Every structure is written in structure tokens, then in C-alpha cells.
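Asks:
Protein chains: 2
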Amino acid sequence: MESPEGAVMTVTEAAAEVGTEPLIRIGEVARGAGVSVRAVRYYEQQGLLTAGRSPSGQRLYQPDTVERVRFFQQMYAAGLTSRNIAELLPCIESGHTDAEQRTMLHAERDRIRARIDELQTALDRLDQVIDVTASHP
Amino acid sequence: MESPEGAVMTVTEAAAEVGTEPLIRIGEVARGAGVSVRAVRYYEQQGLLTAGRSPSGQRLYQPDTVERVRFFQQMYAAGLTSRNIAELLPCIESGHTDAEQRTMLHAERDRIRARIDELQTALDRLDQVIDVTASHP
DNA sequence: CTTGACCCTGACGTCAGCGTCAGGTTTTAG
DNA sequence: CTAAAACCTGACGCTGACGTCAGGGTCAAG
Numbered sequence: 035m036e037s038p039e040g041a042v043m044t045v046t047e048a049a050a051e052v053g054t055e056p057l058i059r060i061g062e063v064a065r066g067a068g069v070s071v072r073a074v075r076y077y078e079q080q081g082l083l084t085a086g087r088s089p090s091g092q093r094l095y096q097p098d099t100v101e102r103v104r105f106f107q108q109m110y111a112a113g114l115t116s117r118n119i120a121e122l123l124p125c126i127e128s129g130h131t132d133a134e135q136r137t138m139l140h141a142e143r144d145r146i147r148a149r150i151d152e153l154q155t156a157l158d159r160l161d162q163v164i165d166v167t168a169s170h171p
Numbered sequence: 035m036e037s038p039e040g041a042v043m044t045v046t047e048a049a050a051e052v053g054t055e056p057l058i059r060i061g062e063v064a065r066g067a068g069v070s071v072r073a074v075r076y077y078e079q080q081g082l083l084t085a086g087r088s089p090s091g092q093r094l095y096q097p098d099t100v101e102r103v104r105f106f107q108q109m110y111a112a113g114l115t116s117r118n119i120a121e122l123l124p125c126i127e128s129g130h131t132d133a134e135q136r137t138m139l140h141a142e143r144d145r146i147r148a149r150i151d152e153l154q155t156a157l158d159r160l161d162q163v164i165d166v167t168a169s170h171p
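Quick mapping for you: the protein sequence lines, in order, are chains A and B.
In terms of our numbering, the first sequence opens at residue 35 and continues consecutively.
In terms of our numbering, the second sequence opens at residue 35 and continues consecutively.
1. Thinking C-beta only, is V166/B closer than 9 angstroms to G129/A?
2. Does the ligand MN have a heavy atom nearer than 8 angstroms to the CB of C125/B?
3. Whose C-beta lies closer than 6 angstroms to the C-beta of T99/A among residues of the same chain, with five residues either side of it excluded?
4. Any beta-carbon of chain A closer than 9 angstroms to the one on T99/B?
5. Please work out which residues of its chain come closer than 8 angstroms, Cβ to Cβ, to P1/B, disregarding the five sequence neighbours upstream and downstream, and give them in chain order.
6. By the three-class DSSP mapping on this structure, what secondary structure does M129/B have?
7. Should R87/B be flagged as near chain A, meaning a C-beta pair shorter than 9 angstroms?
8. Going along the stretch 141-160 of chain B in order, which residues come within less than 9 angstroms of chain A, judged by CB to CB distance?
9. Quick one, which of A156/A, R93/A and A148/A has its alpha-carbon nearest I177/A's?
10. Using a beta-carbon distance below 9 angstroms, is Q92/B in contact with chain A?
11. Quick one: measure Cβ to Cβ for L139/B and L160/A, integer angstroms, because I've assumed they're closer than 8 angstroms.
12. Is there a C-beta anywhere in chain B that falls below 9 angstroms from the one on R59/A?
13. Determine the burial state of A112/A: buried for a count of at least 16 other Cβ atoms within 10 Å of its Cβ, exposed for fewer.
14. Measuring only the C-alpha atoms, how far is E78/A from D132/B?
15. What alpha helix (DSSP H) runs, 4 residues minimum, are completely inside the stretch 107-151 of chain A?
16. For the alpha helix (DSSP H) containing R75/A, name the first residue and the last one.
17. So R117/B and L157/A are in contact, right, with Cβ under 8 angstroms, and what is the actual spacing, rounded?
18. According to DSSP, simplified to helix, strand and coil, what is R59/B?
19. Using the Cβ count rule (16 or more neighbours within 10 Å means buried), how would you classify A148/B?
20. When Cβ atoms are compared, which residues of the stretch 120-133 of chain A fall closer than 9 angstroms to chain B?
21. Can you give the beta carbon distance from V74/A to I60/A, rounded, assuming they're within the 8 angstroms contact cut?
22. Tell me, which residues are paired with R104/B by DSSP?
23. Mind checking if E68/B is an interface residue toward chain A, Cβ cutoff 9 angstroms exclusive?
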């Protein structure tokens, strides 16, 4: 059998052994998503993540938490705050929205669009500078 | 004549009278560029602006300072720091660049490009959410 | 057993771009 | 002349997303 009685194994091993997706610890989440451990704890503090706990008190996460955190990073990168993200999570998870949430979603989208335009403008400006100075080395 | 001797006039009037472009005070710069007075002082502190002084100590700016400040805003919006902007100013003013400066300019441009891509990704993500939730009201 | 990697909980530090308050001078409008 | 508006110099405060340090458990490996 795959689980001989009395076998001793680490948490990670045990997890790897079984078919059910293994819970992972905070370090793995962090490495997987390319953020710091501190950041992951911070996300929990902001209500973006929930974690189980091992008997000894260590946080245990579902493996898809890694992707979740990547998503956070994208939203942060888009200029959303933790609170914005927290507001938008229920929409994603429930798959439906009320009027207020839809308003919020559209508002955020518009903000990002506007931001992209700003950046594009800045980029053009910078390219001008580059062009001009390139011809006068 | 346009300037009768002994006439009393305010600085602004005097400036407006003459053909030479009038120096403007900080409030006008701020209003013109849509930023706070505090911000303008801050830019000076960061070495982005230089100002003359009236006998009584008030800052006096060239009118094109307004456009200059608008440019700062664009660069800030693009995520450049005061320092970045300060570094890039000589390139603009001198119209030529050394190797290091060119490297910097290209680096900043690439950063902005990357940022735009990030934002676009985030935007797409958000649009997905919007689409999904729109069909499940 | 012990070593080193990893985890925990506070809690203070950081950085940028200003906001804001205090206390005082100057300019402008009427 | 007077009141309001605008300006001045400090200097402290704020916000957000973490970094970092202190002090201390836990746990797989040799």
C-alpha cells in the first residue's frame, strides 16, 4: 500500500505522497509568487488571504494561493490598493455582482485605462527627448 | 509713452505692460499647472526648478515654468522619481547626452513600456472579471 | 543532539510626494 | 488705511506596501 502503517514522514512528504493537493507553507507561496514572506503575511492581514494552521501554528495554504498572490501583484501593479482588491475579490469568487460592485469594477477599469494613456503620453515625451538627443550626441 | 515716469504699478501689472515675458509668482505657476503651491516649492527643493527672487523674497518664475511643471507631472505619472527627472533634465536642456545618460533614458523608457504592459495585463484580467460577472448578475 | 532552515508574533522603520499647521511678512483690492 | 489674499520659512504628519529587527518556537537531517 502507499501508506504503510507506522511510517514516519514530514508534512511535505506526506502531502506529496497523497493524491489530494498538498497544503503548502508560507515560504513556498512566497517563492512561487515571487514575493517576500512578509508580503504574504501582509496580504492576510489585509484580508486578501486566509490560511489554515498546522498544530504548531504554521500557516498552511492551498496551492492555488500562489496564483492568487500573483493576481494581487498584478492588481497592485495596476495601482489598486489592498482595499480595492479586497472589494473586488467577492466578485471573482461569487461570480456575480451587485450594482455597487459593478460600478466599482468599471471605475477601476477606467482608472487603469486612463493610467495607460498617461503612461503612453509620458513614453512619447521621453521618446521625443531620446530622438532629439540621439541626433545631437 | 507706454511707461510714464512715476507711475505706480504692481509687479504683475508692470510685467503685463512690457513686451518681455512677465515673471510669475508661485501661485500662478501652481494654478497654471494644476498642482499645489507646496508641490512647486517641493520641486525646487528637489532641484527641478530654480526661481529668481523679488526684493522681498518672493519666488519669481519664467512663464514657461508652467509647462515645465506639467512635464514633471507627466514623468511622475510615469513612475519616475524626482531624482530620475533631475537626471533627465540636463539631457533635455543641453540637447545632447553622454553614454550614461542615454543608457538611463533607454532604461526609463523600457520601464515605462513594461509598466504599460503590466497595466494592460491587469486591465484584461479585470475585463474578464467584468465579463464573467456581467453574465451572472 | 544539534545545526540550520523555516516559521511565529509584535512592532518600529522607510520612502516619496506632498498636506498641513504655525507664525510672520508682503501685496493687492477697495 | 485696512482687510483679504498671497507669499515666506520651518517642521511635523500622512499613506501604503512592505523591510527589518528582536526574541523565540519547530522540525527534518546528519
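All C-beta atoms, glycine included, are put in the ideal place defined by N, C-alpha and C.
Keep in mind it's a predicted model, so treat the numbers as computed, not measured.
Replies: Taking the structure as given:
1. Working through the first sequence from its first residue, we reach residue 129/A at position 95. Working through the second sequence from its first residue, we reach residue 166/B at position 132. Yes, the pair counts as a contact, with Cβ atoms nearer than the cut-off.
2. What this structure holds is no ligand at all, so the ligand MN is not there to describe.
3. Position 65 of the first sequence holds residue 99/A. Here the set comprises V63.
4. On the second sequence, position 65 is the one that residue 99/B refers to. Chain A, which has no Cβ nearer than 9 angstroms to the Cβ of T99/B, makes this no.
5. Residue coverage of chain B in this structure runs from 35 to 171, which leaves residue 1/B outside it and unanswerable.
6. In the second sequence, residue 129/B corresponds to position 95, counting from 1. The sequence given here has Gly at residue 129/B, not Met. Three-state result, G129/B: coil.
7. Numbered from 1 along the second sequence, position 53 holds the residue referred to as residue 87/B. So, not an interface residue.
8. Taking a C-beta cut-off of 9 angstroms against chain A, the contacting residues of the stretch 141-160 of chain B are E142, R143, I146, R147, R149, I150, E152, L153, Q154, T155, A156, L157, R159 and L160, listed in chain order.
9. Within the shown structure, residues of chain A are numbered from 35 to 171, placing residue 177/A beyond reach of any answer.
10. For this step, residue 92/B is matched to residue 58 along the second sequence. Not an interface residue.
11. Translated into positions along the second sequence, residue 139/B becomes position 105. Translated into positions along the first sequence, residue 160/A becomes position 126. Rounded, the Cβ-Cβ distance is 7 angstroms, consistent with contact.
12. On the first sequence, residue 59/A is found 25 positions in, with the first residue counted as 1. For R59/A, the closest Cβ of chain B is not nearer than 9 angstroms.
13. Here residue 112/A refers to the residue found at position 78 of the first sequence. By the beta-carbon neighbour count (other beta carbons within 10 angstroms, threshold 16), A112/A is buried.
14. Within the first sequence, residue 78/A is the residue found at index 44, counting from 1. Within the second sequence, residue 132/B is the residue found at index 98, counting from 1. The alpha-carbon atoms of E78/A and D132/B are separated by roughly 47 angstroms.
15. Counting whole runs of 4 or more residues, the stretch 107-151 of chain A contains the alpha helix (DSSP H) stretches 116-128.
16. Residue 75/A sits at position 41 when you count from the first residue of the first sequence. Looking at the DSSP string, the run of the alpha helix (DSSP H) that includes R75/A is V71 to Q79.
17. For this step, residue 117/B is matched to residue 83 along the second sequence. For this step, residue 157/A is matched to residue 123 along the first sequence. So it is not a contact: roughly 19 angstroms between Cβ atoms.
18. To locate residue 59/B, count along the second sequence from 1; it is residue 25. The three-state reading of DSSP puts R59/B in coil, since its state is none of H, G, I, E or B.
19. Within the second sequence, the letter at position 114 stands for residue 148/B. Exposed.
20. Taking 9 angstroms as the Cβ-Cβ cut-off against chain B, the residues of the stretch 120-133 of chain A that qualify are L122, C125, I126, S128, G129, H130, T131 and D132.
21. Within the first sequence, the letter at position 40 stands for residue 74/A. Within the first sequence, the letter at position 26 stands for residue 60/A. About 5 angstroms; that satisfies the 8 angstroms criterion.
22. What you label residue 104/B is simply residue 70 of the second sequence in a count that begins at 1. Partner residues in a beta bridge of R104/B, as assigned by DSSP, do not exist.
23. Here residue 68/B refers to the residue found at position 34 when the second sequence is read from its first residue. It is Gly, not Glu, that sits at residue 68/B in the sequence shown. Under the 9 angstroms criterion on CB atoms, G68/B is classed as non-interfacial with respect to chain A.
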